[in-house]
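Numbering of the sequence shown is given in our numbering, commencing with residue 74 and proceeding in unit increments. Here a beta-carbon is modelled for each residue, glycine too, at the ideal position from N, C-alpha and C.
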Amino acid sequence: MVAVMKPGVDVVRATQMEDHDQNDWTIVAAAFKAQNADLAARVLAELKRVDRYTFGYQVTRYTHCLQTATRALRAGADEETVVCALLHDIGDDVAPYTHGDYAAAIVKPFVSDENHWMVQNHRTFQGYHFFHLMGQDRNAREVHRGHPAFERTCRLCDEWDQKAFDPHYDTMPVEAFAPMVERLFGRAPNRRS
Ligand SMILES: [Fe+2]
Ligand SMILES: [Fe+2]
């Protein structure tokens, strides 16, 4: 059964965008703003979704994300980088062939160009640790050497991401990172497309 909302104070009158009047648009704009008030909580709920999957590893992809962020935090990374580390594999289940793009799209309005690029391209850099096992060039990331985000993406993958599959590591709970996620997604978004 399809839910239907009756037009009113909080529901637009028009049934197609072409017929929106200014009042309709005021309602939609207010709803968009209200919806985004809990964006951080929704992002964390999405991240929790990958706790259902191990993809053959000893830890779930959720624990892997928490462990990657824990390692970044303990290495002294700044908060924006830690949140990127936390969210880098958020789409591993629903976007298995484009998970870097998926995660990058989520953080894009709230992070630097370099950190956006890092998240978007992290698989190619992580590939140094497994591409050769697939008969591919483990040095594929070298085509990006010289890019402003090259070094930070190496650090994400070499020092934190590729190590974060250890069930015995003292991984910090999501509560340790939630305030950081709140602060990041509470920033004024840069609505570049
Ligand atoms: Fe990844
Ligand atoms: Fe990862």
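Take residue i and list the residues in its own chain whose beta-carbon comes closer than 6 Å to its own, dropping the five residues that flank it on each side.
i, result
"A176", "L160, H161, I163, G164, V192"
"H220", "none"
"P80", "R86"
So, at 8 Å on beta carbons, what are the nonlocal neighbours of residue i in its own chain, with the 5 sequence-adjacent residues on each side left out?
i, result
"S185", "E153"
"H93", "V85, A87, V101"
"P246", "L139"
"A59", "This structure cannot speak to residue 59, because the chain is shown only from 74 to 266."
"D97", "V85, R86, A87"
Starting from residue i, trace the alpha helix (DSSP H) both ways and give me its first and last residue.
i, result
"L120", "112-122"
"E224", "223-228"
"V75", "Where V75 is concerned, there is no enclosing alpha helix (DSSP H), given that its DSSP letter is neither H nor E."
Under the three-state reduction of DSSP, which class applies to residue i: helix, strand or coil?
i, result
"Y135", "helix"
"I163", "coil"
"D210", "coil"
"A102", "helix"
"R144", "helix"
"R260", "coil"
"Q235", "coil"
"V84", "coil"
"D151", "coil"
"G219", "coil"
"P182", "helix"
"H93", "coil"
"G173", "helix"
"Y201", "helix"
"P252", "helix"
"M245", "coil"
"A168", "coil"
Give a single yes or no on whether residue i has its beta carbon closer than 6 Å to a heavy atom of ligand 2.
i, result
"D239", "no"
"D162", "yes"
"D166", "no"
"D234", "yes"
Excluding the five sequence neighbours on either side, which residues of its own chain have a C-beta within less than 7 Å of the C-beta of residue i, listed in chain order?
i, result
"C227", "F198"
"K181", "H189"
"F238", "Y130, Q131, V132, H137"
"R122", "D166"
"N263", "P182"
Check whether the Cβ of residue i lies closer than 6 Å to any heavy atom of ligand 1, and answer yes or no.
i, result
"R196", "yes"
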